[in-house]
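Residue numbers (our numbering): 99 to 219. Below is one structure, written out as C-alpha cells; comments come after it.
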C-alpha cells in the first residue's frame, strides 16, 4: 500500500473510535481531498459517511479538467478496507442519468508474523 500518513507508515486498519477520559469519539464522517500535501489547493473533494459496515460517498467534485480515475477509486477502496467497511455506496452519472452503485469491500488480508529467531536457554 502507498498510504501517506504523517508518520509515513502504511496501516492495515484504523480504529473507528478513540476514548478520552469518559468520552468516546467515533469517526462517522470524513472529508477526502485529492492533493499531494495537506493545506495545498486540492483537485477533488468528497464526503464519506460511515454507518455500521457501510460507507456512503457523496459530494464528489473534481475540477473541470480532472476526472475521478481508477487510481482515485482504489484510494477510496483502500480507505474503506482500513475502516473495515463491508460495502461502499455512491451515486454517479452514467449516460446523463443518476445511478446508485454499491461496491463490496474485501477485508485486508493480514500477514501472520512468524518467529524467525527463537531464544533458547
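Using N, Cα and C, we set each Cβ at its ideal position, and we do this for glycine too. Just so you know, these numbers come straight off a predicted model, no measurement behind them.
Through-space distance from residue 187 to residue 148, alpha-carbon basis: As a working mapping, residue 148 is identified with position 50 in the chain shown. As a working mapping, residue 187 is identified with position 89 in the chain shown. C-alpha of residue 148 to C-alpha of residue 187: approximately 10 Å in a straight line.
Along the chain, where does the alpha helix (DSSP H) containing residue 114 start, and where does it finish? Numbered from 1 along the chain shown, position 16 holds the residue referred to as residue 114. For residue 114, there is no enclosing alpha helix (DSSP H), as DSSP marks it with neither H nor E.
Under a Cβ-count criterion, where at least 16 other Cβ atoms within 10 Å of its own Cβ denotes burial, should residue 131 be classed as buried or exposed? Numbered from its first residue, the chain shown carries residue 131 at position 33. Around the beta carbon of residue 131, fewer than 16 other beta carbons sit within 10 angstroms, so the residue counts as exposed.
Continuous beta strand (DSSP E) assignments of at least 3 residues falling wholly in the segment 149-206: Within the segment 149-206, the complete beta strand (DSSP E) runs of at least 3 residues are 152-160, 185-192 and 195-202.
In whole angstroms, give me the CA-to-CA distance for residue 162 and residue 191. Mapped onto the chain shown, residue 162 falls at position 64. Mapped onto the chain shown, residue 191 falls at position 93. Distance between residue 162 and residue 191, taken at the CA atoms: about 15 Å.
For residue 156, verify whether its CB is less than 8 Å away from any heavy atom of the ligand PLP. The ligand PLP is not part of this structure, which contains no ligands at all.
Near residue 156, what residues of its chain come up, given a Cβ to Cβ distance below 6 Å and the 5 sequence neighbours on each side ignored? The residue you call residue 156 lines up with position 58 of the chain shown. Excluding five sequence positions before and after residue 156, the CB atoms of its chain that fall closer than 6 Å to its own CB belong to 145, given in chain order.
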